[in-house]
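Data block below; observations after.
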RNA sequence: GGAGCGGUAGCCUAAUGGUAAGGCAGCGGUCUUAAAAACCGACGUACAUCCUCGCAGGUGUUUGCGGGUUCGAGUCCCGCCCGCUCCGCCA
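The structure is reproduced here in structure tokens:
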């Protein structure tokens with residue numbers, strides 16, 4: 031063992047050995063409990079960033095721990111390899127996307143391997159491999175056969191920069207989720223997955239995830255799926271056979287309706303205005319609103335606009351005539367594309383009615399039970415209170431009125447209760463090159479025909495020119511497009527769309543269970559062994575995208591008979607981001623730290639620099655930290671230790687150079703104390719001495735241990751217990767590391783005592799051995815390289831990965847004498863030392879006899895004494 | 001507008017209703033020709049107050065602010081203030 035720790039050479043040694051020994055490869059083993067530890071697959075952007083380090087360090091710590099606890103741990107890794115960067119590079123510099131991606135995988139894999147992660151690399155999967163995406167196509171065809179997929183001409187979100195379509199979810203906020211370009215709308219024929227058929231299940235099954243998933247993520251998904259209970263109500267159009275059905279969650283407010291409002295794209299508009307004098311004006315206005323909606327301006331700031339169609343509808347509850355309007359704030363995609371306007375009960379209707387002077391009527395009381403005259407209303411009151419002026423349903427609580435009025439509408443045949451969801455069907459086709467080809471053929475005679483299974487995969491052609499205008503690059507590849515129809519053998523065209531990359535990430539962790547299967551996506555029995563994922567770890571940005579799609583896909587696979595699961599992920603951890611301070615110069619934008627002078631001015635122009643903002647690391651803001659550069663400085667172990675120690679896994683962390691140095695110094699400190707003892711420990715006779723955690727050690731039987739020996743042993747058991755409980759319960763890895771530091775400090779204190787006594791006695795040796803063993807073992811999940819090296823240097827022949835987690839003994843962890851706080855009237859006045867098994871009466875006596883307590887009580891009567899065993903005594907005086 | 005998370009000493013982070021813990025930085029010492037590293041030690045803050053001015057020491061208050069429940073509150077309840085994240089013309 032060297033006197034000083036050199037991380038680079040030790041890390042290289044163990045990374046090579048783990049690889050040579052295939053130390054982390056696993057197979058199904060029904061005799062052992064399994065644990066599936068999964069981190070989200072890496073997107074092949076080209077470079078690892080510190081977020082990867084954080085993500086993988088959490089997962090690796092857990093995988094190590096579970097392995098040492100005897101679990102058969104599946105810890106695989108793979109690549110989300112289809113995507114935009116490859117295609118962007120191709121369009122910009124003519125790089126081959128395939129080569130770009132393979133290079134990115136090679137480079138990133140090298141980076142990740144430098145981190146010494148305990149992956150089973152034999153199960154590595156890349157979504158751009160035909161052997162993988164073949165099964166995307168297979169799933170696609172199975173779903174098509176069962177009517178789970180369909181095509182429709184739909185206004186799709188279109189990113190004008192990347193020339194790709196985006197799902198509604200990906201276009202949230204009106205900008206492309208990856209490049210932030212404002213999204214425009216465009217009509218295209220698209221493939222859709224009927225995820226809405228599963229909306230109810232996706233929502234209801236969230237209940238099963240309570241406890242294992244963060245409440246925040248569950249809430250986000252609930253809101254995203256957005257179920258609302260309401261009713262469809264049909265209004266007859268006056269002097270016509272036509273009718274308009276609206277969706278409302280507030281049928282109890284129908285007596286307050288002052289208009290029916292249609293979405294600009296509503297199909298009935300043309301018939302309504304036919305033959306009326308305002309026909310042309312209305313149609314032109316509707317067109318304008320429709321265009322504005324499609325172009326997707328900033329909706330929140332949009333002024334409400336509408337026009338009267340000249341048509342009237344009959345309120346079925348009171349036969350009142352309501353004008354039919356068209357307005358820009360009603361969306362064709364949601365509900366029925368038509369609403370009833372209730373200005374006193376809905377703020378949007380309120381603003382609209384004020385603008386166009388539509389009449390108001392009060393239909394419910396305020397929360398305080400008052401009735402405000404409509405002309406005095408300053409805003410809509412959306413509370414559910416008590417109805418008023420609503421015919422025979424007046425004076426009822428809103429909820430009850432809702433139920434009764436829905437029942438009445440059903441009875442009369444003009445309404446029925448209805449559930450709508452905010453969730454919409456998932457557009458899964460893209461007009462792009464670098465993705466899984468849609469395995470469909472368009473034949474003039476036979477229609478849309480799936481490619482026969484035997485012909486899968488439909489391989490993405492190589493050498494395609496991506497700098498084409500409009501449509502998909504594949505449209506311009508005749509040898510790909512022109513194909514014989516599988517049914518009639520006549521000339522036909524392949525579908526040239528590719529699949530959304532979220533299809534790839536839906537089921538990759540099922541594939542890990544059986545990655546080389548070439549007859550099925552996976553063997554069901556292997557999946558039955560490994561799934562569900564016991565712990566999934568990834569960024570919170572996927573809380574509603576990937577994590578809804580993959581839950582959906584699991585249910586689809588279940589309904590296809592492939593798996594027996596409802597939910598694929600038992601526990602989910604959404605990790606925080608790693609942030610760092612940014613420096614912004616008014617002239618030169620984002621500066622690197624070395625461009626900022628000591629007095630916080632720009633070294634280029636001398637202007638004052640805005641500092642102090644801690645933001646998510648990003649290349650564009652020049653505040654990113656390159657993991658490889660950090661590994662060169664202090665090694666992978668120190669880097670991993672830093673990101674885990676910086677805060678709880680789910681919280682954002684701030685990068686700090688000094689704390690990174692601190693992590694390295696801590697490891698050096700551990701190394702020094704182990705170095706000091708390693709020869710003695712290695713020379714001990716391992717056959718005759720027992721191991722840490724065993725009650726029956728020689729020292730345990732020895733009742734005459736010195737104080738420093740007892741303390742060391744006790745602290746060791748306490749700390750093992752604390753760390754073990756932390757792993758089992760909450761995964762607060764930062765506090766585990768804190769505990770390891772305490773154990774290290776305790777070893778130094780112990781060592782000093784030993785020095786003072788003139789060197790180690792036999793019990794000293796055994797106690798030091800146990801404590802050092804426990805420390806090394808418990809370091810393994812956090813800093814595996816240095817732990818393995820120290821383990822070897824202390825005389826062990828086998829890898830730590832084959833070694834058990836240290837046990838603890840509750841009896842040995844117990845303090846012999848404990849400090850008990852003594853309060854007088856709740857204020858801390860004194861502390862007394864008593865035996866750990868002192869009775870309540872003993873504690874009471876000790877407290878009342880304490881001089882400081884007597885002084886504080888100052889002769890007043892003792893009214894009550896509260897004794898909390900082992901903790902404190904509170905003397906209540908009057 | 002809706003939902004969620006958070007505010008603990010210079011900084012970061014712990015604390016089943018029961019002694020506010022640990023780390024970092026900074027400070028003093030040992031070692032050294034010196035520095036670094038290492039090791040050892042003390043260490044939250046401000047105000048008020050006692051004591052002989054100060055120093056040191058003692059005491060009280062102090063977990064964003066204000067109330068409440070309790071023998072006892074960082075923790076539970078109510079009301080504010082501040083920060084962050086996600087969502088939203090969703091009828």
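Numbering (the numbering used here), first residue to last: 31 to 908.
For each residue, glycine too, the CB sits at the ideal point set by N, CA and C.
Remember, predicted model here, so these are calculated numbers, not experimental data.
Residue i to residue j span [Cα, whole Å]
i, j, result
"residue 193", "residue 111", "19 Å"
"residue 638", "residue 51", "56 Å"
"residue 594", "residue 234", "18 Å"
"residue 511", "residue 495", "14 Å"
"residue 180", "residue 334", "34 Å"
"residue 35", "residue 247", "42 Å"
"residue 450", "residue 228", "12 Å"
"residue 657", "residue 120", "27 Å"
"residue 221", "residue 463", "16 Å"
"residue 901", "residue 880", "16 Å"
"residue 562", "residue 598", "5 Å"
"residue 300", "residue 447", "28 Å"
"residue 721", "residue 695", "Here the model assigns residue 721 a pLDDT of 48, short of 50, so the residue's position is not dependable and the matter cannot be decided."
"residue 88", "residue 559", "24 Å"
Backbone secondary structure at residue i - three-state DSSP
i, result
"residue 257", "strand"
"residue 44", "helix"
"residue 110", "strand"
"residue 308", "coil"
"residue 343", "strand"
"residue 494", "coil"
"residue 900", "coil"
"residue 653", "coil"
"residue 524", "strand"
"residue 892", "strand"
"residue 219", "strand"
"residue 191", "coil"
"residue 265", "strand"
"residue 420", "coil"
"residue 286", "helix"
"residue 885", "helix"
Where the beta strand (DSSP E) through residue i begins and ends
i, result
"residue 370", "368-371"
"residue 447", "445-451"
"residue 708", "Unbroken run through residue 708 is the alpha helix (DSSP H), 687-713; no beta strand (DSSP E)."
"residue 84", "Counting along the chain, residue 84 falls outside any beta strand (DSSP E), though it belongs to the alpha helix (DSSP H) covering 80-98."
"residue 879", "Looking at the DSSP string, residue 879 is not in any beta strand (DSSP E); the run it does join, the alpha helix (DSSP H), is 870-879."
"residue 647", "Note, residue 647: premise wrong, no beta strand (DSSP E); not H, not E."
"residue 211", "Here residue 211 belongs to no beta strand (DSSP E), and DSSP marks it neither H nor E."
Residue i - containing alpha helix (DSSP H), residue span
i, result
"residue 539", "531-541"
"residue 664", "657-664"
"residue 281", "Here residue 281 belongs to no alpha helix (DSSP H), and DSSP marks it neither H nor E."
"residue 755", "737-759"
"residue 434", "428-442"
"residue 864", "Looking at the DSSP string, residue 864 is not in any alpha helix (DSSP H); the run it does join, the beta strand (DSSP E), is 857-865."
"residue 627", "Looking at the DSSP string, residue 627 is not in any alpha helix (DSSP H), and its letter there is neither H nor E."
Cβ shell of residue i (< 6 Å), same chain only, five flanking positions each side left out
i, result
"residue 712", "824, 825"
"residue 131", "74, 111, 116, 158"
"residue 420", "285, 393"
Same chain, Cβ closer than 7 Å to residue i, five either side skipped, listed in chain order
i, result
"residue 383", "288, 371, 373, 390"
"residue 708", "31, 823, 824"
"residue 578", "232, 251, 254"
"residue 53", "829, 831"
"residue 634", "618, 625"
8 Å Cβ shell around residue i - same chain, five flanking residues per side excluded
i, result
"residue 418", "392, 393, 394, 395, 401, 424, 425"
heavy atom of the ligand GTP below 8 Å from residue i C-beta
i, result
"residue 368", "This structure lacks the ligand GTP, and indeed carries no ligand of any kind."
4-residue-minimum alpha helix (DSSP H) runs that sit fully inside the stretch 777-841, ordered along the chain:
792-809, 814-823
Residue ranges of each beta strand (DSSP E) within the stretch 229-256, 3 or longer
none
Alpha helix (DSSP H) segments (min. 4 residues) lying fully within the stretch 114-165
114-123, 127-144
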